[in-house]
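These notes are about the structure you will find just below.
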Amino acid sequence: MRPSTASTTSPQAAPEQSGGFFRGRGFLTLLLVAALLWSLTSLSWGSSPVHPGGLASIGQFFQAALRPELSAEFLTLTLSSAWKTVAYAVAGICLAVILGFPLGVLASGVLARRWASRIPGVAAFRFLLGCMRAVHELIWAWFFVAAVGLSPAAAIFALAIPYAGILGRIYADILNDVPNPPLQALRASGASETKVLLYGRLPMALPDMLSYTFYRFECAIRSAAIMGFVGVGGLGMQIQLSLSDLYFNEVWTLLYALVALVLLVDLWSSWVRRYLTS
Amino acid sequence: MAFFALACASWIYLLFVADGGFRELFRGETWRQAGEFLGQLAGAGVEGTPTFLQWDEWLEAGALAYDTLAMSVIAMGIAGVGALLTFLPAARNVATGELAASASFPSRALYYLLRGLFIFSRGIPELIIAMIVVFAFSPGILAGAIALGIHNYGILGKLSAEVVEDLDPRSARALRTSGSGVFQMLAYGILPQALPQFLTFLLYRWEVVIRTTVVVGLVSAGGLGREFLLDMSLFRYTDVALLLIWYLILVVFVDLTTMFLRRLAR
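Line by line, the protein sequences are chains A and B. Taking the working numbering, I'd label the letters of the first sequence as residues 63 to 340. Taking the working numbering, I'd label the letters of the second sequence as residues 2 to 267.
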């Protein structure tokens, strides 16, 4: 063990590899438990958290799980709204890649060779990406609706901006983590940084970038579904409509469709990832 | 690849079949409206001081931000404790007895049950869970935290069960062959390898959850989200700007905290 200044606990009490209770997992666990206890104090314990009769309606809701609405008419509606959700998600993720890729390259700073020209650019673009992804897609959607009105384009842009923020940041990290020796070889043979990027970094980084994009695609399906809250069609809006009419059977049909969709994309993306990384 | 076919189909649908509203993007009117909206956020055309320049309004919104932070922590508590209790039986190698536990019928049934639960709670977005939760719970921090907790329980459970499935099984087998019981094997052979990963996932999800608390607040729960809903509906855009600032402060705070905590987990 390294000599520790922070703690006098015995090694038995803190069996972490790198010195001291305050730098180990025991301390982390303590912090997490303390945070949880603190958060519980902010609840109002006086009033009952459950509605009178609320449990009964939850019971009704779960009973409806066994009897989803299966009329042909409603199934067609479910399918068409599922397709809308998929279309928004796909279009959103396409735009996110188009936006996120150049931003990611700029934020990784691989195009500049000298430190002085690299640092400001990296800081600026990382900050920009951070701002894009800090605001949730639904909030973006609401801003778009408030600013330019309700349309699928608003939902797609709202989806694309935070996703571009996430993708760009991950792309930048992946591009920075590419092993250096092959790049040095390219530089030694006189390639500019742009050429190093095109012929060295990108071919090596592409499988990881694609596999992360596919993982995000699964998340995009869920995000596209909740765009219904601001009035854009799709599974989320139908769920909201059926739920406010208390048609629990319909809600369950839609929920099953949504879960099936997410599961399908999950299987597809894990298949693609295995194919890409092997 | 199949994805490109899907992408083409989606774009064709959005551009030509459904009225996607993309044509309006290229009209000056749309851009003027967007500019106007941004101006309103910054306080143009408001009588009196914009909200984000008043100190007591800052404090008021700060109290809401405090509630939001508490909501995210409770949600992570629910998700974390739930996942911690169930991720072992949900791992395939534990359930089928590959790790030298016995492959009884109940443990297999439990495996499928838990995996089904993970899929459902993970597949349904937290906003929709929140809409359902408010049927039973009175709107407030707890309702939002439960909704967030359920959704993240599915994600955490799935991720950590997969960690157990990919573990190096040798230490567990060694313990088993030297005569330890099933629980000793799990506690000394598997958990020490899996828990650091679990903590990393927990912290990573917390970063996501703090962004989502606002969204859950929209339908039911307290905190910044409900106030956001009110202010947006009443066109009090300078209030919205203040809430947005507090929201960004929260996000940055949580990002920095998890960065520090992650160093501890390593």
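Every residue, glycine too, gets a C-beta built ideally from N, C-alpha and C. Small disclaimer: the values here were computed from a predicted structure and weren't measured.
Alpha-carbon to alpha-carbon, residue j and residue i
i	j	result
L260 (chain A)	L237 (chain A)	11 Å
S304 (chain A)	C281 (chain A)	24 Å
T178 (chain B)	D169 (chain B)	16 Å
V74 (chain B)	D256 (chain B)	14 Å
P65 (chain A)	P107 (chain B)	Here the model assigns P65 (chain A) a pLDDT of 41, short of 50, so the residue's position is not dependable, and the following value carries that caveat. Each residue's Cα considered, the two are about 49 Å apart.
S398 (chain A)	G218 (chain B)	Chain A is shown only over 63 to 340; residue 398 (chain A) falls outside these bounds and no answer can be derived.
G158 (chain B)	A92 (chain B)	9 Å
P73 (chain A)	A97 (chain A)	Summary for P73 (chain A): the model assigns pLDDT 38, below 50, so the residue's position carries little reliability, and this model does not support an answer.
F123 (chain A)	L308 (chain A)	9 Å
A322 (chain A)	G124 (chain B)	8 Å
G224 (chain B)	H198 (chain A)	15 Å
I130 (chain B)	G121 (chain A)	15 Å
W156 (chain A)	E312 (chain A)	For clarity, residue 156 (chain A) is Cys in the given sequence; the question names Trp instead. Their backbone Cα atoms lie some 31 Å apart in a straight line.
R188 (chain A)	G180 (chain B)	53 Å
V327 (chain A)	F279 (chain A)	8 Å
D270 (chain A)	A96 (chain B)	31 Å
L115 (chain B)	L212 (chain A)	40 Å
A71 (chain B)	P214 (chain A)	34 Å
T214 (chain B)	D68 (chain B)	10 Å
R175 (chain A)	R206 (chain B)	35 Å
A188 (chain B)	S105 (chain B)	20 Å
M50 (chain A)	T315 (chain A)	There is no way to answer for residue 50 (chain A), as the model of chain A reaches only from 63 to 340.
Y233 (chain A)	Q300 (chain A)	35 Å
E141 (chain A)	S133 (chain A)	Going by the sequence as given, residue 141 (chain A) is Leu instead of Glu. Looking at the two C-alpha atoms, the distance is approximately 12 Å.
Y238 (chain B)	D57 (chain B)	17 Å
S143 (chain A)	G40 (chain B)	36 Å
Y318 (chain A)	Y277 (chain A)	21 Å
M132 (chain B)	P140 (chain B)	10 Å
V220 (chain B)	V209 (chain B)	18 Å
L16 (chain B)	A118 (chain A)	46 Å
D239 (chain A)	L90 (chain A)	28 Å
A64 (chain B)	A178 (chain A)	42 Å
7 Å Cβ shell around residue i - same chain, five flanking residues per side excluded
i	result
A226 (chain A)	A158, L161, G162, L165 and M194
V184 (chain A)	A169 and G171
Q185 (chain B)	L176
V241 (chain B)	L42, F229, D232 and M233
V252 (chain B)	I211 and R212
F5 (chain B)	none
F206 (chain A)	A216, F219 and A220
I156 (chain B)	R123 and R206
L320 (chain A)	A287 and L297
Close beta carbons around residue i, own chain, < 6 Å, minus the five adjacent residues each side
i	result
W247 (chain B)	A62 and A66
A217 (chain A)	Y150, A203, M289 and V294
S332 (chain A)	none
G150 (chain B)	A76, I79 and A80
L272 (chain A)	L338
G83 (chain B)	Y154
G203 (chain B)	Sequence inspection shows Leu at residue 203 (chain B); the Gly mentioned does not correspond to that position. Closer than 6 Å at the Cβ level, and outside the excluded window around L203 (chain B), lie G81.
As assigned by DSSP and simplified to three states, the class of residue i
i	result
V258 (chain A)	helix
V112 (chain A)	strand
F184 (chain B)	helix
F291 (chain A)	helix
F4 (chain B)	helix
F205 (chain A)	helix
F138 (chain B)	strand
L221 (chain A)	helix
L265 (chain B)	helix
L99 (chain A)	helix
Y309 (chain A)	coil
A43 (chain B)	coil
P243 (chain A)	helix
L90 (chain A)	helix
Q55 (chain B)	coil
G298 (chain A)	helix
Rounded Cβ spacing between residue i and residue j (contact assumed at less than 8 Å)
i	j	result
F88 (chain B)	V165 (chain B)	7 Å
S11 (chain B)	A153 (chain A)	5 Å
L191 (chain A)	R231 (chain A)	5 Å
V135 (chain B)	A146 (chain B)	At roughly 12 Å, the Cβ-Cβ gap does not stay under 8 Å, so V135 (chain B) and A146 (chain B) are not in contact.
T138 (chain A)	A286 (chain A)	Going by Cβ atoms, the distance from T138 (chain A) to A286 (chain A) rounds to 20 Å, so no, they are not a contact pair.
L200 (chain A)	F291 (chain A)	6 Å
P197 (chain B)	R87 (chain A)	7 Å
L297 (chain A)	I120 (chain B)	Between I120 (chain B) and L297 (chain A) the Cβ distance is about 16 Å, and since that is not below 8 Å, they are no contact.
A209 (chain A)	A35 (chain B)	5 Å
V112 (chain A)	A148 (chain B)	Actually they are not in contact, since the Cβ atoms of V112 (chain A) and A148 (chain B) sit about 15 Å apart, beyond 8 Å.
Cβ-based neighbour list, residue i, same chain, cut-off 8 Å, excluding 5 preceding and 5 following
i	result
R109 (chain B)	A96 and T97
**Request:** Ignoring anything shorter than 4 residues or poking outside the segment 192–246 of chain B, list the alpha helix (DSSP H) runs there in chain order.
**Result:** 192–220 and 225–234
**Ranges of the alpha helix (DSSP H) found wholly within the segment 86–165 of chain B, counting only runs of at least 4** = 93–96, 106–124 and 127–134
**Request:** Please specify which runs of the alpha helix (DSSP H), each continuous and at least 4 residues long, are wholly inside the segment 98–184 of chain A, giving them in chain order.
**Result:** 116–125 and 134–170
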